[in-house]
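Presented below is the structure to which this report refers.
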Amino acid sequence: MNNDDLIKETEFQINNSETVGNIHVEDPRIIVKNINVRYGEKLAINNVSIDIGKNEVLAMIGPSGCGKSTFLRCLNRMNDTIESCVVDGELYLDNENILDEKTDVVPLRAKVGMVFQKPNPFPKSIYENVAYGPKIHGLAKNKIELDEIVFNSLEKAGLFNEVKDRLDAPGTSLSGGQQQRLCIARTIAVSPEVILMDEPCSALDPIATAKVEELIYELKENFTIVIVTHAMQQAARVSQRTAYFHLGNLVEVGPTQKIFTTPQHKLTESYITGRFG
Amino acid sequence: MNNLKSRLAKEKRFRLYGVASITLALFLLSLLFVSIFSQGYTAFQETKIQLNINFSEEILDPNKTKDWEIIKKSNFSLLVKNSVNELFPNVSGRSNKRKLKKIISSSAEYQLRDYVKNNINTIGKSKKIWVLADDDVDMLIKGHINRILPEDERRIDNEELKWIEFLESKNLIDKFFNKTFFTSGDSSESEQSGILGAFIGSLFALSITLILSFPIGIATAIYMEEFAPKNNKLIDFVEVNINNLAAVPSIIFGLLGLAIFLNFFELPRSAPLVGGMVLSLMTLPTIIISSRVSLKSVPPSIKEGALGVGASKIQAVFHHVVPVAMPGILTGTIIGMARALGESAPLLVIGMVAFIVDIPQSVTDPATALPIQIYLWSDTPERGFVERTSAAIMVLLVFLIFMNSLAVYLRKKFEKDIG
Ligand SMILES: Nc1ncnc2c1ncn2[C@@H]1O[C@H](COP(=O)(O)OP(=O)(O)O)[C@@H](O)[C@H]1O
Ligand SMILES: [Mg+2]
């Protein structure tokens, strides 16, 4: 198939979009129903529905600009901060439609934490970085409890041994990989149910990446994780299910193994085999 | 090859231009400092004459009441006169004696009055006291009047010169650190005039300016940068107007203050309160614009991180964005304040240009400000005020340098705090 044909076919597929594969899971934590996202006039997510199960790692892959970040940011209403962005549809977390105007985003974002593409520790001490969330949500009654939360979170993020002697040093003084694990510690400090990660390793070197991946693998015991990645090996390594996005459509979803070995949809296959990047 | 050579030459030339212009700037700056300093450094000294004062009971307290209320009405000037006459017993005749007394500053009697007030028991005794010399004598001692000039070309005639030289020979005349300059307000006599009144006036006005413009400016900047709807016509309109206000000549703000604060609200004329309000109109746009710039330069990822752990928008802004922007906000504020310190036109308009002897005690007392005092003194031909003008400029510069160093210090401190 030459490129022109591919593009024609793409357009055809997209206009008749129906997700291939089973979008439902047995024990869903998040249910997404017919979500559309627009930036002004521009449609960025087109009628996407998917379930996200308890304690699973769902990977989202697709060419850049296909709307992975946009979709991810719907899950904790981070898109609210972008003025031109309009989201419609239904999105249930624990049987509550979080897209409802009346939903308070503050507890929602504590429940659905987020780790960003570029490590963004606060320009404060390592301790303060982790303690900030528990402090504003009143999770600790006193300094001892706060210490415990901070140490635990750093421990879970696999960072405690590296930073225990310099908790007062600024978070920005850590290496890139350590900063990203600090951001993960910061997120888990408020005991979320779901953690969203938007290409958490794209700014890291391979060794730091390996550490973060290992961490994600451990975290899935306690959290539901949705991770956006452009590295297919990473999706294969850390996730149970994979969703493939293309131009705002959810093209195919299925067990990771299956997506990578026997993709059903042509577009998925083209992406897996490296025909668009 | 040729190419490289010409490029290197070009770079070298460019560097040379830079160094040359900096050298020129430094040269002119040092010229300014040298001329101000050489004109003004003598103002930091004052000439005093030692008199042996007889605090005669006859003059001060003939009825032995020891009651200050009665004593304070005595003729202290007579004490000075008697003491000077005693020093020069050969001077006779009313007009000569009056001329003789003129070598002493008229402030001497007030000095003695204050002295007696604090030491009532000194009545009936004699005491050696240094009193201020007249400004012409001061100028002579400081060398600003040439003794060799023919008599009719100098302000001190031969007879006075003889007296002064007599005092010099007895070591009864000397130069001291000029406390008067730093502890008194304006005066029509240059030797009695000081910078304190104007300094306090400036300090009061600047405090008002800071109290008004800092919170309002920051609040406006934060609202416009973080909370106001984007692409809103009204907000855009406000923004354009703030930018315009920053370029409005300061005298217009003075006229506005005159029309609104004085004529409409009938606030007191010449007061640092109104001066500060007018100056804050002027500094507000500077503070708002520089605060917005520094808020804008905070990476949005920091705010996103805070929102991501469930901080409300207000928390994210005040816990994370504002602290990072603070060094820039403070720098902008202090630059605005420094401009306000040097500003004189709007203060002229609201009447802070009067001749005010008393040190202002509150923000509603009439006062002048440092740049206005400089203007007033520079307008006076007497040599004594010429050196005081330069000295006042030095005080203003020191104040400015202090404020700018404070800005640098605060920026460093905040930058260190946030790591
Ligand atoms: N803030 C925004 N304003 C307007 N358009 C945006 C914005 N963010 C993303 N988009 C557009 O939405 C589409 C999806 O973007 P994004 O979700 O960032 O893609 P991905 O993360 O998959 O690379 C892109 O076409 C992008 O141009
Ligand atoms: Mg993205």
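If you read the protein sequences in the order shown, they are chains S and W. Just so it is clear: in the first sequence, position 191 is 216 by my numbering, and no numbers are missing. Just so it is clear: in the second sequence, position 214 is 655 by my numbering, and no numbers are missing. For each residue, glycine too, the CB sits at the ideal point set by N, CA and C. All of these numbers come straight from a predicted model, not from anything done at the bench.
If you draw a straight line from the C-alpha of residue i to the C-alpha of residue j, how long is it?
i, j, result
"S:His-290", "S:Gln-282", "15 angstroms"
"W:Phe-455", "W:Ala-461", "10 angstroms"
"S:Leu-118", "S:Ile-220", "13 angstroms"
"W:Lys-543", "W:Asp-577", "10 angstroms"
"W:Ile-561", "W:Ser-524", "19 angstroms"
"S:Met-26", "S:Ser-227", "The predicted position of S:Met-26 is uncertain, since its pLDDT is 47 and thus under 50; no value can be drawn from it."
"W:Ser-643", "W:Leu-782", "7 angstroms"
"W:Ser-753", "S:Val-131", "6 angstroms"
"W:Thr-838", "W:Gly-769", "Checking the displayed sequence, the identity of residue 838 of chain W turns out to be Leu instead of Thr. Straight-line Cα distance between these residues: approximately 23 angstroms."
"S:Arg-54", "W:Val-765", "37 angstroms"
"W:Thr-661", "W:Thr-727", "12 angstroms"
"S:Ser-295", "S:Gln-259", "18 angstroms"
"W:Val-763", "W:Leu-736", "7 angstroms"
"W:Asp-508", "W:Ile-494", "20 angstroms"
"W:Lys-522", "W:Ser-547", "11 angstroms"
"W:Ala-669", "W:Ser-732", "15 angstroms"
"W:Arg-829", "W:Ser-628", "12 angstroms"
"S:Lys-166", "S:Gln-203", "28 angstroms"
Under the criterion of a Cβ to heavy atom distance below 7 angstroms, does residue i qualify as lining ligand 2?
i, result
"S:Val-62", "no"
"S:Lys-93", "yes"
"S:Asp-370", "Because chain S here runs from 26 to 302, residue 370 of chain S falls outside it and cannot be looked at."
"W:Val-836", "no"
"S:Val-253", "yes"
For ligand 1, any of its heavy atoms closer than 7 angstroms to the Cβ of residue i?
i, result
"W:Lys-744", "no"
"S:Ser-150", "no"
"S:Gly-87", "yes"
"W:Ser-648", "no"
"S:Ser-109", "yes"
"S:Lys-67", "yes"
"S:Gly-90", "yes"
Is the CB-CB distance between residue i and residue j below 8 angstroms?
i, j, result
"W:Gly-825", "W:Ser-631", "yes"
"S:Val-45", "S:Val-276", "yes"
"W:Leu-725", "W:Gly-658", "yes"
"W:Ser-846", "W:Tyr-816", "no"
"W:Gln-814", "W:Ala-639", "yes"
"W:Lys-513", "W:Arg-554", "yes"
"W:Phe-517", "W:Gly-565", "no"
"W:Leu-520", "W:Phe-529", "no"
"S:Val-155", "S:Ala-233", "no"
"S:Ala-268", "S:Leu-83", "yes"
"W:Ser-711", "W:Ala-833", "no"
"W:Arg-595", "W:Ile-586", "yes"
My understanding is that residue i touches residue j, with C-beta atoms under 8 angstroms, so please give their C-beta distance in whole angstroms.
i, j, result
"S:Pro-144", "S:Gln-205", "4 angstroms"
"S:Ile-123", "S:Arg-102", "7 angstroms"
"W:Val-572", "W:Ile-545", "6 angstroms"
"W:Met-793", "W:Gly-698", "No, W:Met-793 and W:Gly-698 are not in contact; Cβ-Cβ is about 10 angstroms, not under 8 angstroms."
"W:Ile-743", "S:Pro-159", "About 19 angstroms separates the two Cβ atoms, so there is no contact after all."
"S:Phe-270", "S:Met-85", "6 angstroms"
"W:Ile-636", "W:Phe-622", "6 angstroms"
"S:Ala-157", "W:Val-739", "According to the sequence displayed, residue 157 of chain S carries Tyr and not Ala. About 16 angstroms separates the two Cβ atoms, so there is no contact after all."
"W:Thr-774", "W:Arg-852", "Not quite, the Cβ-Cβ distance comes to about 11 angstroms (not below 8 angstroms), so this is no contact."
Counting along the chain, where does the beta strand (DSSP E) carrying residue i start and finish?
i, result
"W:Asn-560", "First-last for W:Asn-560: undefined, no H or E at that position."
"S:Met-139", "137-140"
"W:Lys-671", "First-last for W:Lys-671: undefined, no H or E at that position."
"S:Leu-275", "274-280"
"W:Val-746", "First, the residue type needs correcting, since residue 746 of chain W is Gly and not Val in the sequence shown. From DSSP, W:Gly-746 is part of no beta strand (DSSP E) but of the alpha helix (DSSP H) over 741-749."
"S:Val-82", "82-86"
"W:Glu-487", "486-495"
"S:Pro-53", "53-64"
Considering just the uninterrupted stretch of the alpha helix (DSSP H) at residue i, what are its terminal residues?
i, result
"S:Glu-173", "168-181"
"W:Asp-615", "From DSSP, W:Asp-615 is part of no alpha helix (DSSP H) but of the beta strand (DSSP E) over 614-618."
"S:Tyr-157", "151-161"
"S:Arg-211", "201-213"
"W:Ala-466", "443-481"
"W:Leu-720", "713-737"
"W:Phe-517", "517-528"
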